[in-house]
Structures are given as structure tokens and as C-alpha cells.
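J.: What follows is a single structure, and I will ask about it in a moment.
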């Protein structure tokens with residue numbers, strides 16, 4: 181570990197890794213900031229439910245296992261979570277039929293009675309013509325489907 | 144390779160990253176005793192039990208929280224130490240996300256914490272330096288776990304340099320009366336020799352964390368994926384009511400495993416979800432989530448069972464590594480041993496750099512004087 185020349189760099193080169201520790205400081209600062217989510221989209225009626233959806237962020241869909249997702253928060257303004265048997269979300273030009281959705285655990289609305297979240301099934305790239313589809317099935321088997329234009 | 148080349152290699156392995164390594168060691172040392180530090184610094188996190196009462200069932204603790212805040216919607220229940228309160232993660236109309244510290248002996252809600260806990264902060268800082276997670280990976284997690292290669296390299300080269308290392312075990316000798324360089328070299332060598340086992344444990348567990356991160360990044364499931372409740376199990380009726388409550392799921396879990404101690408319980412998040420009850424059992428080498436029961440709330444069936452005897456190779460490694468890395472394998476005593484060796488390891492990175500610094504100063508001085516022969520190993 182000989183120093184060939186007595187330069188400032190040679191004397192301090194092994195302290196440079198300390199600069200990496202600026203990252204945790206920055207990320208901690210970031211964590212302290214209040215996250216601003218995109219504006220909620222317009223409330224829409226779905227039978228007895230009045231629903232608002234809000235993208236969690238403005239980022240593109242992400243991959244998990246073999247599927248792609250985009251996250252949303254779902255507000256049930258009118259109606260109650262306890263009235264829902266199962267509910268799903270997908271992004272595309274048409275809703276995925278419930279018979280197909282219920283085969284997997286992807287795209288399922290989940291959370292508490294106060295607030296629902298969903299990792300909506302998404303294409304790799306969301307096109308301008310795509311819509312966010314919410315499909316709700318109530319306990320008597322009635323289906324409600326509603327959509328929001330992605331550019332809304 | 145000559146002794147001097149091994150010595151140079153030892154330096155090049157360790158010195159370029161010694162500050163980050165030291166930081167990881169210091170935060171890890173704190174993470175080992177983060178439960179105890181929480182107990183010391185936060186009275187509300189202590190599970191006082193002056194009347195020597197038995198611990199209440201978790202369903203009663205959830206009821207206590209609901210009595211405290213009738214809109215509370217619990218999602219996860221955590222209980223890792225008997226001297227700390229049980230944490231119930233929940234949301235309510237007033238609290239978007241919080242952790243209720245509920246005394247498991249008295250049922251009293253002692254605090255609602257809406258920020259990060261010291262325990263989770265220290266573990267995040269140590270494990271991934273707070274780098275954000277990109278769904279399945281964090282650059283920080285790769286960075287920290289890659290330190291295991293450095294540690295293993297430093298251990299091997301250190302032992303090659305210091306061939307008669309057992310002398311430091313049999314007849315330890317710290318020369319405090321000679322110069323600073325001798326003292327630093329003695330401290331570094333002795334700390335290294337005495338913590339050989341610890342360096343090896345941290346290297347092996349660190350290599351596992353590095354492997355685990357690669358597997359996560361590749362979306363490989365180490366734990367079997369919990370399937371949804373079958374569509375047919377879900378009634379189609381307005382008055383549908385799940386037949387198994389939280390207390391029912393706990394009874395099933397307790398009846399399934401001998402000496403089961405629940406530590407982490409996840410409640411259903413939708414109608415096709417399950418109760419996931421995790422805890423520790425009779426196997427002392429396995430972590431405190433190695434025994435798992437997944438209970439169907441609609442019929443009380445056990446959907447999935449996990450225990451050490453039925454685990455695959457990777458799953459077994461996963462559940463064995465944490466107690467070894469964080470030192471809770473034998474409870475408080477081993478935690479304190481890990482804490483002490485964590486301090487030694489942190490100190491070694493500092494003394495290693497100081498030894499290099501003193502060698503540099505010496506070399507600069509030697510440029511103006513005739514060169515003297517220096518034994519780098521003995522440091523004198």
C-alpha cells in the first residue's frame with residue numbers, strides 16, 4: 181500500500197468511500213418529506229358504490245414475476261367494503277372477465293374497510309387509449325364495472 | 144505470493160471501503176441490540192408486568208385497540224420480545240398508518256406510533272443504507288451484502304499474514320508502552336484473531352444475504368407462495384360471515400405446533416385472503432417466523448403449513464441466517480456477545496486505516512532518511 185507520491189489524493193484516497201454515506205443522509209431526508217400523490221381521478225358511480233381512484237405515483241408500470249402492475253389507491257365514497265365479495269383492477273382497452281381474474285391473486289383490491297389498494301394488472305406500456313377498469317362483485321354475485329381513461 | 148504481497152492484498156481488500164464498512168458494522172452493532180435500546184429509551188414500549196399476569200391472547204389485545212379507537216382496522220400483529228409491548232399495525236379514521244404498543248399483560252394501549260420505529264430504522268440503515276427499493280431489489284442491499292466478500296477476503300489474507308495467530312489466543316499481549324503503531328498493530332491483530340469466528344459468521348450470513356438479493360431480484364420465490372382461498376370456499380350470500388376468527392386461527396396454530404410462540408400475525412386483507420400465523424417452536428437454530436400456519440377464515444382449514452422439518456434447502460438457509468447474523472440465537476446473552484464483537488469489528492476497520500496512515504507518514508519521513516527495514520506484520 182505504498183504511496184508513490186505525497187499528494188493530497190494519495191493521502192486521502194481511502195476516505196473517498198465515505199462519500200457513499202451521503203446517500204443515506206439524502207434518502208433519510210427524502211423519507212421525511214411528505215409524498216405528494218397525483219390528483220385523484222373523478223369519482224364515478226358503480227351501482228350502489230361511488231368510487232374514486234388515485235394513482236400512487238406517476239411512474240410507469242413495474243414488473244413482478246411474469247406480470248406488470250401499476251398501483252392505485254381506491255376510495256369507496258359511497259357503499260362499503262363489507263358489501264364487496266371480490267374486486268379487481270386492470271389496465272387495458274377492455275376489462276378482464278371476472279372468470280379469468282378470479283383464477284389468480286393478481287389485481288385484487290385489498291386493504292382495510294377504510295381504504296383499499298390495488299396492484300392493477302397492466303400492459304408493459306400504457307397507451308393513450310387504455311383505461312383503468314374496476315370490476316366489483318357483490319355478495320349476491322352482481323357485477324359492476326367502471327372505467328377511467330388513463331389521460332383523465 | 145510473498146508475505147508483503149499478501150499484506151498489500153489485505154490492505155487493498157479493506158482500505159478502499161473502510162469507512163462504509165465501519166458504518167455498516169456500527170449500525171449493525173446497534174441493530175443487534177435495537178430491541179433492548181428501545182426498551183431502555185422508550186417507557187411506552189416496555190411490557191411492565193408488576194402483578195405477574197399471564198400474557199393475554201392476541202385477539203384480546205386487538206379488542207383493547209378497538210376499545211381505544213373504535214375505527215381501528217388492524218392488519219399485522221408483531222411480538223418479538225416478552226419485555227417489549229406487542230405492536231399492532233393498524234389504520235383508522237384518525238391514524239392513516241400507525242403501530243399501537245399494547246401491553247400484552249395488562250391490555251393497555253401505551254402508545255400510538257405513527258412514524259418509523261428505532262428498530263426498523265436501524266435495520267434499514269444497516270441492511271440497505273436507506274437506499275430505496277425498486278420493487279424487488281435495493282442498490283443498498285447489494286452494496287451492504289457485498290461487504291461479505293471484503294470481510295471474507297480480509298479474514299483469509301489476515302490469517303495468511305499472521306501465521307502464528309494462535310499466539311494471540313494462547314498468550315495475548317498488547318504492547319501499550321511502545322509506540323502508537325505497535326499498539327495499533329497489536330490491537331488490530333488481537334481483535335482479528337479473537338473475532339475470527341465472528342468474521343466467519345458475518346461473512347457467511349452476508350454471502351447468503353447477497354445471494355438472497357439476487358434471488359429476489361430474479362423474482363425467485365424462496366418461500367412457497369400462499370395461494371388464494373378457492374373461489375368455491377367463498378359463499379355467495381348477502382349474510383356471508385367467516386366462521387374462523389383471529390382467536391380461532393390462533394387456537395389452530397397453537398394446536399398445530401408444540402411450544403409454539405406466535406411472533407408475526409397477518410390478518411386477511413380481502414375476502415379470499417387468509418390468516419398467516421408465524422412464530423417460533425422447538426428448533427433453536429431457526430428464526431422466529433419458521434413455524435407458519437395459513438388458516439382459511441371461511442372454514443378453518445389449514446391451507447399451508449411451514450416448519451423446519453418440511454423446508455427446502457434455500458428456505459432452511461433463509462430461516463437459519465437471521466439469528467446468526469443478528470445474534471438472537473440464544474436470547475439476550477448471545478445478543479450481548481454479538482454486540483461486543485460488533486464493536487471489535489468496527490474498531491478493526493478504524494485501527495486498520497490508522498496503521499496504514501502511520502505507515503504512510505513513516506514512508507514520507509523515510510524519503511528524507513536512509514530506508515530502514517520494516518516488518519509490516521509485526522508493525523515495528
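Residue numbers (our numbering), protein chains in the order written: chain A, 181 to 332; chain B, 144 to 523. C-beta: ideal position from N, C-alpha, C; glycine also.
Give the interface partners of residue 268 (chain B) over in chain A, defined as CB-CB distance under 7 Å, in chain order.
T.: The count along the second chain starts at 1 and reaches residue 268 (chain B) at position 125. Taking the beta carbon of residue 268 (chain B) as reference, the chain A residues within 7 Å of it are 204, listed in sequence order.
J.: Where residue 235 (chain B) and residue 295 (chain A) are concerned, what is the direct C-alpha to C-alpha distance, given to the nearest angstrom?
T.: One-based indexing of the second chain puts residue 235 (chain B) at position 92. One-based indexing of the first chain puts residue 295 (chain A) at position 115. In a straight line, the C-alpha of residue 235 (chain B) is about 9 Å away from that of residue 295 (chain A).
J.: Measure the C-alpha to C-alpha separation of residue 283 (chain B) and residue 442 (chain B) and round it to an integer number of angstroms.
T.: Sequence index remark: in the second chain, residue 283 (chain B) carries index 140 (1-based). Sequence index remark: in the second chain, residue 442 (chain B) carries index 299 (1-based). For residue 283 (chain B) and residue 442 (chain B), the distance between alpha carbons rounds to 43 Å.
J.: Check residue 157 (chain B) in the structure and name its three-state DSSP category.
T.: Reading the second chain from its first residue, position 14 is the one you call residue 157 (chain B). Helix.
J.: Which residues in chain B sit within 8 Å of residue 266 (chain A), going by Cβ to Cβ distance?
T.: Numbered from 1 along the first chain, position 86 holds the residue referred to as residue 266 (chain A). Near residue 266 (chain A) (Cβ distances below 8 Å), the residues of chain B are 377, 413, 414 and 415.
J.: Would you kindly work out how many angstroms separate the C-alpha atoms of residue 433 (chain B) and residue 450 (chain B), rounded to a whole number?
T.: For the purposes of this step, residue 433 (chain B) is identified with residue 290 of the second chain, where counting begins at 1. For the purposes of this step, residue 450 (chain B) is identified with residue 307 of the second chain, where counting begins at 1. Between residue 433 (chain B) and residue 450 (chain B), the C-alpha separation is close to 6 Å.
J.: Does the beta carbon of residue 384 (chain B) sit closer than 7 Å to a beta carbon anywhere in chain A?
T.: Within the second chain, numbered from 1, the residue matching residue 384 (chain B) stands at position 241. No, its Cβ sits nowhere closer than 7 Å to a Cβ of chain A.
J.: Given 8 Å as the limit, is there contact between the stretch 298-317 of chain A and the stretch 216-226 of chain B, that is, 3 or more CB pairs closer than that?
T.: no
J.: Using 7 Å as the limit for Cβ to Cβ distance, is residue 213 (chain A) near chain B?
T.: One-based indexing of the first chain puts residue 213 (chain A) at position 33. Chain B, which has no Cβ nearer than 7 Å to the Cβ of residue 213 (chain A), makes this no.
J.: Below 8 Å on the Cβ atoms is my contact criterion, and I expect residue 402 (chain B) with residue 425 (chain B) to pass it. Report the Cβ-Cβ distance as a whole number of Å.
T.: Working through the second chain from its first residue, we reach residue 402 (chain B) at position 259. Working through the second chain from its first residue, we reach residue 425 (chain B) at position 282. Indeed they touch by this definition, with Cβ atoms about 5 Å apart.
J.: Report the start-end ranges of each alpha helix (DSSP H) in the stretch 420-493 of chain B that is 4 residues or longer and not cut off at the edges.
T.: 456-469
J.: Would you mind stating whether residue 233 (chain B) and residue 210 (chain B) have Cβ atoms separated by less than 7 Å?
T.: For the purposes of this step, residue 233 (chain B) is taken as the residue at position 90 of the second chain. For the purposes of this step, residue 210 (chain B) is taken as the residue at position 67 of the second chain. Contact: no.
J.: Please list the segments of the alpha helix (DSSP H) lying wholly inside the stretch 190-261 of chain A, counting only runs of 4 or more residues, in order along the chain.
T.: 202-212
J.: Taking DSSP as the reference, what is the three-state secondary structure of residue 300 (chain A)?
T.: Here residue 300 (chain A) corresponds to residue number 120 of the first chain, with the count starting at 1. Here residue 300 (chain A) sits in strand by DSSP.
J.: Residue 324 (chain A) versus chain B: which residues are under 9 Å apart at the beta carbon?
T.: Start at 1 with the first residue of the first chain, and residue 324 (chain A) comes out as number 144. None at all; the shortest Cβ gap to chain B is about 16 Å.
J.: Any beta carbon of chain A sitting closer than 7 Å to that of residue 291 (chain B)?
T.: Translated into positions along the second chain, residue 291 (chain B) becomes position 148. False, the Cβ-Cβ gap to chain A never drops below 7 Å.
J.: Does the distance from the C-beta atom of residue 230 (chain B) to that of residue 242 (chain B) stay below 7 Å?
T.: As a first step, residue 230 (chain B) must be located in the second chain, where it is residue number 87. As a first step, residue 242 (chain B) must be located in the second chain, where it is residue number 99. Contact: yes.
J.: Have a look at the DSSP bridge pairing and note the partners of residue 241 (chain B).
T.: On the second chain, position 98 is the one that residue 241 (chain B) refers to. B:233.
J.: I'd like the list of long-range same chain contacts for residue 428 (chain B), defined as Cβ closer than 6 Å, with 5 residues on each side in sequence excluded.
T.: Here residue 428 (chain B) corresponds to residue number 285 of the second chain, with the count starting at 1. Taking C-beta separations shorter than 6 Å and ignoring five residues to either side along the sequence, the partners of residue 428 (chain B) in its chain run 463, following chain order.
J.: Using three-state DSSP, classify residue 264 (chain B) as helix, strand or coil.
T.: Taking the first residue of the second chain as 1, we reach residue 264 (chain B) at position 121. Residue state, collapsed to three classes: helix.
J.: Taking residue 234 (chain B) as the query, report the chain A residues whose CB atoms sit under 9 Å from its CB, ordered along the chain.
T.: Counting from 1 along the second chain, the entry for residue 234 (chain B) is found at position 91. The answer, in chain order, is 291, 292, 294 and 295.
J.: Using the beta-carbon of each residue, which ones in chain A are nearer than 9 Å to residue 213 (chain B)?
T.: The residue labelled residue 213 (chain B) in the question sits at position 70 within the second chain. Simply none; closest approach about 12 Å.
J.: Express the C-alpha separation of residue 327 (chain A) and residue 207 (chain B) in angstroms, rounding to a whole number.
T.: Start at 1 with the first residue of the second chain, and residue 207 (chain B) comes out as number 64. Start at 1 with the first residue of the first chain, and residue 327 (chain A) comes out as number 147. Note on geometry: alpha-carbon atoms of residue 207 (chain B) and residue 327 (chain A) lie some 41 Å from one another.
J.: Would the beta-carbon of residue 470 (chain B) fall within 7 Å of that of residue 461 (chain B)?
T.: As a position in the second chain, residue 470 (chain B) is number 327, starting the count at 1. As a position in the second chain, residue 461 (chain B) is number 318, starting the count at 1. It is not a contact, given that the beta carbons lie outside the stated cut-off.
J.: Per the contact definition of three or more C-beta pairs closer than 8 Å, is the stretch 267-286 of chain B in contact with the stretch 349-366 of chain B?
T.: yes
J.: Does the stretch 189-196 of chain B come within contact of the stretch 322-335 of chain B, defined as at least 3 CB pairs closer than 8 Å?
T.: no
J.: Going along the chain, which residues of the stretch 339-356 of chain B sit with their C-beta nearer than 8 Å to a C-beta in chain A?
T.: none
J.: Would you tell me roughly how many angstroms separate the C-alpha atoms of residue 351 (chain B) and residue 365 (chain B), rounded to the nearest one?
T.: On the second chain, position 208 is the one that residue 351 (chain B) refers to. On the second chain, position 222 is the one that residue 365 (chain B) refers to. Approximately 12 Å, taken between the alpha carbons.
J.: Quick one: is residue 278 (chain B) near chain A, going by C-beta distance under 7 Å?
T.: If you number the second chain from 1, residue 278 (chain B) lands on position 135. Taking Cβ atoms only, chain A reaches closer than 7 Å to residue 278 (chain B), which makes this a yes.
J.: Using a Cβ-Cβ distance cut-off of 7 Å, determine whether residue 163 (chain B) contacts chain A.
T.: Counting from 1 along the second chain, the entry for residue 163 (chain B) is found at position 20. Yes, its Cβ sits closer than 7 Å to a Cβ of chain A.
J.: Can you confirm whether residue 319 (chain A), when its beta carbon is compared against all beta carbons of chain B, has any partner nearer than 7 Å?
T.: Stepping through the first chain from its first residue, residue 319 (chain A) is reached at position 139. Yes, contact with chain B.
J.: To test your reading of the DSSP string, which unbroken alpha helix (DSSP H) runs of 4 or more residues are found completely within the stretch 179-223 of chain B?
T.: 201-211
J.: Need the endpoints of the beta strand (DSSP E) that residue 268 (chain A) sits in, please.
T.: The count along the first chain starts at 1 and reaches residue 268 (chain A) at position 88. From DSSP, the beta strand (DSSP E) with residue 268 (chain A) extends over 264-272.
J.: Can you give me the Cβ contacts of residue 205 (chain B) inside the same chain, cut-off strictly under 8 Å, excluding the 5 residues immediately before and after it?
T.: Within the second chain, numbered from 1, the residue matching residue 205 (chain B) stands at position 62. The answer, listed in chain order, is 217, 220, 231 and 389.
J.: Here's the rule: buried if 16 or more other CB atoms are within 10 angstroms of the residue's CB, otherwise exposed. What is residue 474 (chain B)?
T.: By one-based count along the second chain, residue 474 (chain B) stands at place 331. Exposed is the call here.
J.: In the structure shown, what three-state DSSP assignment does residue 401 (chain B) receive?
T.: Numbered from its first residue, the second chain carries residue 401 (chain B) at position 258. In the three-state scheme derived from DSSP, where H, G and I count as helix and E and B as strand, residue 401 (chain B) is classed as coil.
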